[in-house]
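Asker: Under the UniProt record's numbering, the letters of the sequence shown match residues 1 to 242, in that order.
Built from N, CA and C at the ideal position, the CB exists for glycine as well.
What you are looking at is a predicted structure, and each value in this text was computed from that prediction instead of being measured.
Sending over a structure as C-alpha cells; questions will come in a sec.
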Amino acid sequence: MKINEFTSIITPRVLLVPYSAHHVPTYHEWMQDLEIQKATASEPLTLEEEYSMQRSWRTDNDKLTFIVCTHDEERSNGNTHAITAGKQDAPQHMIGDVNLFLYDDEDDEEDQDEESPKRVIGELEIMIARKDSQGRGLAQETLRAFMSYIQSHLDSILAEFSGGKGVELRYLRVKIDKDNVRSLKLFERLGFDRVSAEPNYFGEVELRTPFIGGQFRDVKAKIGLDGFGKTVGYEILGSKSS
1 MKINEFTSII
11 TPRVLLVPYS
21 AHHVPTYHEW
31 MQDLEIQKAT
41 ASEPLTLEEE
51 YSMQRSWRTD
61 NDKLTFIVCT
71 HDEERSNGNT
81 HAITAGKQDA
91 PQHMIGDVNL
101 FLYDDEDDEE
111 DQDEESPKRV
121 IGELEIMIAR
131 KDSQGRGLAQ
141 ETLRAFMSYI
151 QSHLDSILAE
161 FSGGKGVELR
171 YLRVKIDKDN
181 VRSLKLFERL
191 GFDRVSAEPN
201 YFGEVELRTP
211 FIGGQFRDVK
221 AKIGLDGFGK
231 TVGYEILGSK
241 SS
C-alpha cells in the first residue's frame, strides 16, 4: 500500500518503517532460514525476486507492510519528528516485519443485501526474525502499535483497497500453526479468540477479533490501543512526508 510510504511509528522499544529497497538484502537473508520458511509457509526467493516482491508490496492495494526495528531514544538523538531511511532502520536494527492483508469477505453475497457496504476481512502476520529479539515482548508491542495505526487510519486503508468504494471491515484474523504455542498465546493475550477448538486441514488454528463501533473492542479491553505508538514522518532519498 502507498498509505504508509512516508510514515513510521515509534514506541518505547520498536520502530516501524515502510518496507523499502534498502531493507531487501537483510530480509532476503532472513528468508533463507528453514525455520522461518516453515513458520511463514514461504518458499525461498532469489535476491532479484525479493526486490521485485518489495516493489510489488509497495503498490499493491491489499497489503500493508512495516519493517520492525529496535528503537531507543539515544539512537534517535531526540529527533521524534521524522525517521531518516538507512539510519534508525539500518540492517543491524532490523528484527522482523508486520503485515495486514485484506480480502473480500467470501460470505458477503450470502449474508448482505445489495445496499449494504461490501465487507472486508483483514489478516495479520508478524515475524520476529532475529532470535535475540524473540521472547522479549517486542511482537506484542509491535502488534499493539500496528493495530492502533490500522484502527485510526482504517477509512484511508479501506479506501485504497476498494478504490474509494464503500466497504467495511468485519474482523481481523490470524492463522497459526497448531504447534506454534508462543504465537497462539500471544494473540490470545491480545484479545483474539479461537474460531474452533480443532486446527483446520492444514494444521492451522484461526483466531479472530471483531471490529465493532469503530474499534477493535476486545483488544482494547485487554491491552489498550488508542494512541499507542507515535506516528512520525519517514524521509527517504530526498523525499519527505508532509
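#1: Hey, Thr26 and His71 are a contact pair by Cβ (cut 8 Å); roughly how many whole angstroms apart?
#2: Thinking C-beta only, is Lys178 closer than 8 Å to Glu204?
#3: Buried or exposed for Pro44, please, with buried defined as at least 16 other CB atoms from any protein chain shown within 10 angstroms of its CB.
#4: Within a Cβ cutoff of 6 Å, which residues of the same chain sit near Leu64, ignoring the five residues on either side of it in sequence?
#5: For the candidate residues Ser56, Val167 and Arg136, whose alpha-carbon lies nearest to that of Arg13?
#6: What separation, rounded to the nearest whole angstrom, lies between the Cα atoms of Asp193 and Glu49?
#7: Since Ala41 contacts Asn180 with CB under 8 Å, what's their CB separation in whole angstroms?
#8: What does DSSP give as the partner residue(s) for Tyr171 in the beta ladder?
#9: For a test of the three-state rule: what should DSSP assign to Gln215, helix, strand or coil?
#10: Could you check if Ile212 is buried or exposed, using at least 16 other CB atoms within 10 Å of its CB as the buried criterion?
#11: Could you spell out where the alpha helix (DSSP H) holding residue 257 opens and where it closes?
#12: Assign Asp89 to buried or exposed, taking buried as 16 or more other Cβ atoms, counted over all protein chains shown, within 10 Å of its Cβ.
#13: Give every residue of the same chain whose Cβ lies closer than 7 Å to the Cβ of Val17, excluding the five residues on either side of it in the sequence, and list them in chain order.
#14: May I have the straight-line CA-CA distance separating Gln54 from Tyr19, to the nearest angstrom?
#15: Could you check which residue in Leu158, Gly122, Phe6 and Gly191 has the C-alpha nearest to that of His81?
Answerer: To lay it out plainly:
#1: Taking the Cβ atoms as the reference, Thr26 lies roughly 16 Å from His71, outside the contact range of under 8 Å.
#2: Against a cut-off of 8 Å, the Cβ pair of Lys178 and Glu204 comes out as a contact.
#3: Pro44 comes out exposed.
#4: Cβ within range, chain order: Met1 and Leu100.
#5: Out of Ser56, Val167 and Arg136, Arg136 has the C-alpha closest to the C-alpha of Arg13.
#6: Per the coordinates, the alpha-carbon of Asp193 lies some 36 Å from the alpha-carbon of Glu49.
#7: So it is not a contact: roughly 11 Å between Cβ atoms.
#8: For Tyr171, which the question treats as bridged, DSSP gives the partners Ile121 and Pro210.
#9: Three-state result, Gln215: strand.
#10: The C-beta of Ile212 has fewer than 16 other C-beta atoms within 10 Å across all chains shown, which makes the residue exposed.
#11: Because the chain spans 1 through 242 in this model, residue 257 falls outside it and cannot be assessed.
#12: Asp89 comes out buried.
#13: If we look at Val17 and ignore the five residues flanking it on each side, its Cβ neighbours are Ser8, Phe66, Ile67, Cys69, Ile83, Asp89 and Tyr234.
#14: The C-alpha of Gln54 lies about 7 Å from the C-alpha of Tyr19.
#15: That would be Phe6, whose Cα lies nearest to the Cα of His81.
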